[in-house]
Amino acid sequence: MMARGKGLEEHVMHGAREKLEQQITAADRESDDLRLQLDAIRQAVASDVDRTWTSPWKSPETVDAKLRARLAGHREYQALRVRQRELGEQRRSLTTEIEKGSAP
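According to our numbering, the sequence shown is numbered sequentially starting from 229.
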């Protein structure tokens, strides 16, 4: 009887682990999609800065500073960054749960 109960417990734990791993995979996929969106916005803003900003002090460093300043005020970009941070926290939490569950 004891072996049967233990087998059921292991089965339930395995199912819970699989569910956590699926959640991690989903978070990773969403994070990858967000990274692509962030890169696209960054490239579009960089192109706009390069095309429209004329300055005698224009250098790669000043262009980068202007780009970072524009992105800091870009609502969509910042919302995507917030979501990406949330996904990172979620992933760390799920990984911790998996590690706790696999401890002897």
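Where a beta carbon is used, it is the ideal one built from N, C-alpha and C, also for glycine. Owing to the predicted nature of the structure, the values given are computational and were not obtained by experimental measurement.
- Under a 10 Å Cβ-count criterion, residue 322 is classified as buried, with 16 or more other Cβ atoms of the shown protein chains found around its own Cβ.
- Assignment of alpha helix (DSSP H) within the stretch 254 to 329, counting only whole runs of 4 or more residues, yields 288 to 300 and 303 to 329 in chain order.
- The residue among 274, 329 and 316 with its C-alpha nearest the C-alpha of residue 252 is 316.
- Contact between the stretch 297 to 305 and the stretch 263 to 274 is present: three or more C-beta pairs spanning the two stretches fall below 8 Å.
- Rounded to the nearest angstrom, the gap between the Cα atoms of residue 326 and residue 274 is 41 Å.
- With respect to the C-alpha of residue 277, the residue from 290, 265 and 266 having the closest C-alpha is 290.
- Between residue 262 and residue 311, the gap from beta carbon to beta carbon is short of 8 Å.
- Each residue's CA atom was taken as its position, placing residue 282 and residue 246 some 55 Å apart.
- Taking 8 Å as the cut-off, the Cβ atoms of residue 329 and residue 255 do not count as close.
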